[in-house]
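Note sheet for the following structure.
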Amino acid sequence: MEILMSIVAGILVTAAVYLMLSRSILRIIIGTGLLSHGAHLLLLTMGGLKRGTVPLLGEDASSYTDPLPQALILTAIVISFAITSFFLVLAYRAYQELGTDDMDKLRGNENND
Numbered sequence: 045m046e047i048l049m050s051i052v053a054g055i056l057v058t059a060a061v062y063l064m065l066s067r068s069i070l071r072i073i074i075g076t077g078l079l080s081h082g083a084h085l086l087l088l089t090m091g092g093l094k095r096g097t098v099p100l101l102g103e104d105a106s107s108y109t110d111p112l113p114q115a116l117i118l119t120a121i122v123i124s125f126a127i128t129s130f131f132l133v134l135a136y137r138a139y140q141e142l143g144t145d146d147m148d149k150l151r152g153n154e155n156n157d
């Protein structure tokens, strides 16, 4: 199962890099979201996909699940949500001011051919 999840994380990262190399700022924002999802999936996969009970003192079980990867991913989800919302507000404001979402026009590298 870990191999399948690693492949899915690789596909997410590949799609994210493809979107982040485009000229539209909205595609770049979607690419950063996909990249963060790929990183979350990779963290979860590296933590191990094993079944077990919660690590509480009163529980008697043969195996326990480590809660640290889930805590790290939860923190990363909150941070990526905040960054994505900031990027969306920044893109909206740039579109209001400049009237475009093309990165070359936002940089001032417009070709007049």
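Counting from 45, one number per residue, gives the positions in the sequence shown under the working numbering.
Glycine residues also receive a C-beta, built at the ideal position from the N, C-alpha and C atoms.
Here the structure is a predicted model, which is why all the values come from computation and not from measurement.
task: Please go through the same chain and pick out, in chain order, the residues whose beta-carbon is closer than 7 angstroms to the beta-carbon of Ile-73, but skip the five residues on each side of it.
output: For Ile-73, where only same-chain residues beyond five positions count, the Cβ hits under 7 angstroms are Thr-128, Phe-131, Leu-132, Ala-135.
task: Could you tell me whether the Cβ atoms of Gly-91 and Pro-113 are closer together than 7 angstroms?
output: Going by C-beta atoms, Gly-91 is nearer than 7 angstroms to Pro-113.
query: Cβ atoms of Ala-115 and Leu-86: under 7 angstroms apart, would you say?
result: Cβ distance not < 7 angstroms, so Leu-86 and Ala-115 don't count as in contact.
message: Looking only at its chain, what residues have a beta carbon closer than 7 angstroms to the beta carbon of His-15, apart from the 5 residues adjacent to it on each side?
response: Lying outside 45 to 157, the shown extent of the chain, residue 15 is not represented and no answer is given.
- prompt: Is it right to say Ser-80 is buried, meaning 16 or more other beta carbons lie within 10 angstroms of its own, or is it exposed?
  reply: Under this definition Ser-80 is a buried residue.
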